[in-house]
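Working notes, structure below.
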Amino acid sequence: MLFSTSSPSSLLPSWNKSSHYCSCPGVLCGRQHPDRVVALRLGSFNLSGRISPSLGNLSFLQKLDLRDNQLVGQVPPELGRLGRLQGLNLSTNFLQGSIPAAMRGCTKLKVLDLSRNKLQGEIPAEIGSLKDLVDLRLHENGLSGEIPQYLTDLQSLRFLFLYENRLSGTMPPTLGNLTSLRHLDLEGNMLSGAIPSSLGLLPSLSWVNLENNNLSGSIPDSVWNISSLTAFSVGNNSLSGAIPTGAFNSLRRLETIILSDNQLHGYIPASISNASQIQELQLNNNFFSGTVPLEAGNLRNVYWFQISGNLLEANEPKDWEFLTALTNSSQLQYLLLGSCKFGGALPDSLSNLSNSLEFISLFYNAIVGSIPRDIGNLMNLQFLDLSYNSLIGPLPSSFSMLKDLRSFSVMSNKLSGLVPLTIGNLTELNHLELVDNSFSGRIPSTLGNLTKLVELGLSSNNFAGPIPTEIFNICTLSSILDVSYNNLEGSLPQEIGKLINLVEFRAASNKLSGEIPSNLGECQLLQNLYLQNNMFSGGISSLLSELKGLQAVDLSANNLSGQTPTFFGTIRTLGYPNISFNSFSGELPTVGVFANASAISIQGNSELCGGIPDLHLSSCTSDLQNKKRKSPVIPIVISLVATSFIIVLLYVLLIRHKQQMVSRQIIYWALNHLGLSTKES
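Numbered according to this note's numbering, the sequence shown spans residues 417 to 1097.
Next up, the structure:
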């Protein structure tokens, strides 16, 4: 048995039912020798267990494909006995250990793919003896050490994939000896030093990927002369220098160029238009300066245009001509121009870009003027970020036509006017940020139609009136709801309890009043709560103790009263609650967050007592005694008792007086009836 299988209905049962092994699934026998197995094509057969060393006995085997299974253990050295083997694919398994040196015995091997395993150690020198090897794939393992010089003896090698390992050292200049090489992928290692200029000697080189290493120095001039090049990716290294003026004159076949996240400087050369087949252009996060040449907009096939994170400028309308030229790029999907020094007004041609456009980023620039009025023409737009500029005016009415928009941010601009009710038409929105502008009027109740919102930022504007209850019906709101720093009035609606997935709620610095609703305790995922600088009153409901994950809370500068929310001390995640400048009273707890004077803020609550000594509050016990001494209760009681005694005494005397009067009348009546006079009596 060559393997074990994890599924009874998989490979081995079907083998057992077959009359001859050559008729088994995945087994191919030769024509000249019908009983000789020449190929095992068992990729994605749900195999598990270890690879049996007995495979080394299949001396006529030419192809062994065990990719995409659950095989474990080591690569058996016995495979080195397969002298006729031309293709070995063990990729996407869980193999461990090192590559066996015995593989040198596979002298006819043309394709070796051990990628996506857990192999370790260095690439064995014996691989250098496989002269017929044309495809070597060892990527996504844990291989270490330097790239061996002996690999460069493989004159027939066409595909060398060593990416996502832990290879270090420099790239050997002898890579230039691999004259048949077409694809070179060394991404995701720890390679350092310069890119060898010898790469320019490879006449058939088509694909070069050196991303995510520690390479330094400049890009060799010889690379710009590789006319066969279709993809060149060196992003996320430490490369420096400038791109030569005529760099793209010979790169007529270039489709992908990724130079992002390096230290390149100078101008973007106008010769880039000669590489007219470019589909993906990424020059972001470097130090390119000057204006973007008009020629850069003439890339008709480009779908990804990214030059963000540079020192590029635009001050006059002509500096935006590249953007106007891009209106002829019918495949454009991603336009990333953020974090540069672009200024001036956006040209109206922005609205005429391809309908295939999905992503526009212009954040962190110095753009002025208004948002182009026909922005709604970009009907397939999903992401629009215009934040951190100096845009003015209202949101254009066509904005509501962007029905596929998922994310929209105009944070930190100077936009003004009312937010149109038609914003409720953008029902695909997940993120909406209008923060730090001058929007006025009421918050549109139609925001309640945005039932897919995850984040809603409305802070630092001039919104007035109440918070629309419709917002609290958006059950998807989970990241943040921020309405702080406005002129909002009224109470915080009880409906806030519907936001059971909300993590952060900010309503600080408004004119909100009434009690903090107890329903807030139903937002059990809430971590951050900011309600400071309002006019909230009343006590804090104990139901808020259900907020077990609370990390930050600020209730300062309100009119809150009653007992300190003692449950703050039982929330382990809570740090630095701020209840200062309210009217809380009574004894302060000493547990949890209240046990650290530097972890809470309580000033401005004159009726608080107790707490830990570091807070320097008066003792609750001594206060009571002082109150007893100074209290007018005893005199009042004495006075009341004395008054009551006098009233009772007067009542008794009155009764006695009346009794005496009655007695006199009776005696007088009796004497008269006895014939005696009053005198005589």
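The C-beta atom is built at its ideal place from N, Cα and C for all residues, glycine as well.
Check                                                                                                                                                                                                       : Outcome
For GLY657, collect the residues of the same chain with a Cβ closer than 6 Å to its Cβ; drop the 5 residues on either side in sequence, then sort them by chain order.                                      : SER634
Going by DSSP in three states, TYR437 sits in which element: helix, strand or coil?                                                                                                                         : helix
Would you mind giving the Cβ-Cβ distance between ARG466 and VAL443, rounded to the nearest angstrom? I have them listed as a contact below 8 Å.                                                             : Actually they do not touch by this definition, with Cβ atoms about 19 Å apart.
Taking buried to mean at least 16 other C-beta atoms within 10 Å of its own C-beta, is ALA1015 buried or exposed?                                                                                           : exposed
Strictly under 7 Å for the Cβ-Cβ distance: is LEU567 near chain C by that measure?                                                                                                                          : Given the protein chain composition of this structure (a single chain), no chain C is represented.
At which residues does the alpha helix (DSSP H) containing ILE740 begin and terminate?                                                                                                                      : The sequence as given places Thr at residue 740; Ile does not occur at that position. THR740 -> alpha helix (DSSP H) spans 737-741.
Considering only their Cβ atoms, is the gap separating LEU800 from ILE776 smaller than 7 Å?                                                                                                                 : yes
How would you write the range of the beta strand (DSSP E) that ARG466 sits in, first residue to last?                                                                                                       : 463-466
When DSSP labels each residue in this structure, what does GLU1003 get in the three-state scheme?                                                                                                           : strand
Compare the Cα-Cα distances from ASN700 to each of LEU715, SER531 and ILE674 and report the closest residue.                                                                                                : ILE674
Go ahead and pull the three-state DSSP assignment for VAL1078.                                                                                                                                              : Below a pLDDT of 50, predicted positions are generally treated as unreliable, and VAL1078, at 40, falls in that range; the measurement from the model is reported next regardless. Three-state result, VAL1078: helix.
Kindly identify the DSSP beta-bridge partner or partners of SER776.                                                                                                                                         : Ser is not the amino acid found at residue 776; the sequence shown has Ile there. Answer by DSSP bridge pairing, in chain order: LEU751 and LEU800.
Classify GLY592 as helix, strand or coil using the three-state DSSP reduction.                                                                                                                              : helix
By the three-class DSSP mapping on this structure, what secondary structure does ILE916 have?                                                                                                               : coil
Roughly how many angstroms lie between the CA atoms of ALA518 and ASP551, to the nearest whole one?                                                                                                         : 19 Å
By Cβ distance, which residues of its chain are closer than 6 Å to ASP764, with the 5 residues on each side in sequence left out?                                                                           : PRO788
My guess is that ASN653 and LEU631 are in contact by the Cβ rule of under 8 Å, so how many angstroms apart are they, rounded?                                                                               : 4 Å
Would you report the Cα separation of SER507 and GLY833, rounded to the nearest angstrom?                                                                                                                   : 60 Å
Let me know the secondary structure DSSP gives ILE1054 once reduced to three states.                                                                                                                        : The pLDDT assigned to ILE1054 is 46, lower than 50, so where the model puts this residue is not dependable, and the model offers no usable value.
Have a look at the DSSP bridge pairing and note the partners of GLY1027.                                                                                                                                    : GLY1027 pairs with nothing; no bridge assigned.
Out of SER1034, LYS819 and ARG582, which has the shortest C-alpha to C-alpha gap to ASN628?                                                                                                                 : ARG582
Tell whether a beta-carbon distance below 7 Å holds between ASN841 and LYS868.                                                                                                                              : no
Have a look at THR707 and TYR683 and give me their C-alpha separation to the nearest angstrom.                                                                                                              : 8 Å
Check for me: the beta strand (DSSP E) holding PHE721 runs from which residue to which?                                                                                                                     : 720-722
Is DSSP giving ASN1042 helix, strand or coil here?                                                                                                                                                          : In this prediction, ASN1042 scores a pLDDT of 46, lower than 50, which makes its location untrustworthy; the coordinate-derived value is nonetheless stated afterwards. If DSSP states are grouped into helix, strand and coil, ASN1042 belongs with the helices.
Between VAL1057 and THR1037, what straight-line distance do the alpha-carbon atoms span, to the nearest angstrom?                                                                                           : Because the pLDDT at VAL1057 is just 44, under 50, the model does not fix this residue reliably, and the value given afterwards should be weighed accordingly. Each residue's Cα considered, the two are about 29 Å apart.
Given that a residue counts as buried once 16 or more other Cβ atoms are within 10 Å of its Cβ, and exposed if not, what is TYR437?                                                                         : exposed
Verify whether the separation of the beta carbon atoms of SER814 and ILE839 is less than 7 Å.                                                                                                               : no
Less than 7 Å between the C-beta atoms of PHE511 and VAL527, yes or no?                                                                                                                                     : Note that residue 511 corresponds to Leu in the displayed sequence, not to Phe. Result no, Cβ atoms of LEU511 and VAL527 do not sit closer than 7 Å.
Using 8 Å as the cut-off, can you tell me whether the stretch 975-986 makes contact with the stretch 1003-1017, which would need three or more C-beta pairs spanning the two stretches below that distance? : yes
Classify CYS891 as helix, strand or coil using the three-state DSSP reduction.                                                                                                                              : coil
With DSSP as the reference, please indicate the residues paired to ARG922 in a beta bridge.                                                                                                                 : ASP898 and TYR946
To the nearest angstrom, how far is the alpha carbon of LEU578 from that of PHE721?                                                                                                                         : 28 Å
Excluding the five sequence neighbours on either side, which residues of its own chain have a C-beta within less than 7 Å of the C-beta of ILE688, listed in chain order?                                   : PHE664, GLU711 and ALA712
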